[in-house]
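Residue numbers (this note's numbering): 165 to 571. The structure appears right after this line, and notes come after that.
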């Protein structure tokens, strides 16, 4: 291996180092240090990473998995009976509220409406006769009440028949996507025994699923359910990396034990929408139950805590001087440590230092944000990784001479 590494060109190591920087992108600070067998006579170089203390938002959260569900999921059917004359939409088509979906013939519906109106007229005539002939006896009053009830029933029948006739043209009640169509031209709808070209129509003529409003159904463990509540902010990420935000609307108090451990249902309202969302899409859920803004932090790798619990950082002065400074620390979240006292915003602290070939024991070093890096033994090739600004705002510096101009 040592022989192989010596044959690798320095430019290759530069590319590898740059690639590692990209892979670790997004964290506050990065520890860089490649210890590789160097060229003959190369002198030791040291490397260090610094980072200013900065104000951050610290969030405590509960993670879970969930499933995306549209808020709009409507089944649409004809109110009356008839034969399907037209089907005006196709599966997968997006429709607006009030758009025509299909029509049925009105011959039967007209007959039913006329019959209902005749029934109403007869009921009204009986009621009128009962009132005019009443002598005020208990029996006459009872007959009037019965005839009045019959009129109300007949009026409801007329209203229903009229609605069925009006519904001969089926309209979309909501906007969304047609996900299923259960009728064809010639089907008989609204009858127990169909005599259309294709017999009885299925129970639902159309299913419309909305694409503008979503919820996520998730579950959390018994230990986590006590931490969250309705109104908590939620970060959501779909399998394809789409990021969404949401809010907890309901936390169930009755657990499910299907998985062998108690899990509690959580309902999350999604804010807005995005391209490519579908019913049943898996979602990673991060429920934020505590959030604090403007917290002074440094990378956790910059803090050294002694056995007695005291913590220190190495403060880098504007002239490059180093001072070991005692700090009071608070919480540590996602690779950042809260500084309660001892530093001010903008103070530059040493995050990590590395000297290839000198005291390099191969120890794994923690990277801010949770990653690790374990440098191999050996010396850094000549001319690799000059000092500069690091991703996240920190700086990377190199001391010691380099040799060679190739690569």
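The beta-carbon is built from N, C-alpha and C at its ideal position, and this holds for glycine as well.
For residue i, the residue or residues it bridges with in DSSP
i	result
residue 344	371
residue 246	353
residue 486	480
residue 456	222
residue 267	250 and 333
residue 381	231 and 431
residue 237	373
residue 468	476
C-beta atoms of residue i and residue j nearer than 9 Å
i	j	result
residue 488	residue 476	yes
residue 350	residue 248	yes
residue 513	residue 217	yes
residue 312	residue 291	yes
residue 439	residue 406	yes
residue 391	residue 335	no
residue 233	residue 471	no
residue 229	residue 446	yes
residue 456	residue 413	no
residue 320	residue 279	no
residue 459	residue 221	yes
residue 236	residue 340	yes
residue 227	residue 333	no
residue 310	residue 288	no
residue 337	residue 261	yes
residue 276	residue 328	yes
residue 342	residue 258	yes
residue 398	residue 449	yes
residue 427	residue 385	yes
residue 434	residue 223	no
residue 241	residue 344	no
residue 297	residue 304	yes
residue 231	residue 444	yes
residue 354	residue 245	yes
residue 463	residue 499	yes
residue 401	residue 430	no
Buried versus exposed call for residue i [16 or more other C-beta atoms within 10 Å across all chains shown]
i	result
residue 454	exposed
residue 211	buried
residue 284	buried
residue 376	exposed
residue 461	buried
residue 300	exposed
residue 256	exposed
residue 408	buried
residue 492	exposed
residue 465	buried
residue 507	buried
residue 418	exposed
residue 469	exposed
residue 316	exposed
residue 516	buried
residue 370	buried
residue 484	exposed
residue 481	exposed
residue 393	exposed
residue 286	exposed
DSSP three-state assignment for residue i, whether helix, strand or coil
i	result
residue 494	strand
residue 230	strand
residue 504	strand
residue 554	Because residue 554 carries a pLDDT of 42, less than 50, the predicted location of this residue cannot be relied on, and no value is offered for it.
residue 215	strand
residue 260	coil
residue 283	helix
residue 338	coil
residue 461	strand
residue 515	strand
residue 272	helix
residue 475	strand
residue 292	helix
residue 150	This structure leaves residue 150 out entirely; the chain is present only between 165 and 571.
residue 297	helix
residue 316	helix
residue 537	Reliability of the predicted coordinates at residue 537 is poor, the pLDDT of 42 falling under 50, and no value is obtained from them.
Residue-level contact to chain B via CB, residue i, 9 Å cutoff
i	result
residue 463	Reference to chain B is not applicable here, since this structure consists of a single protein chain.
Discussion item. Quick check for students: name the residue ranges of the beta strand (DSSP E) that lie wholly in the stretch 387-451, counting only runs of 3 or more.
Written reply: 397-402, 407-415 and 427-435
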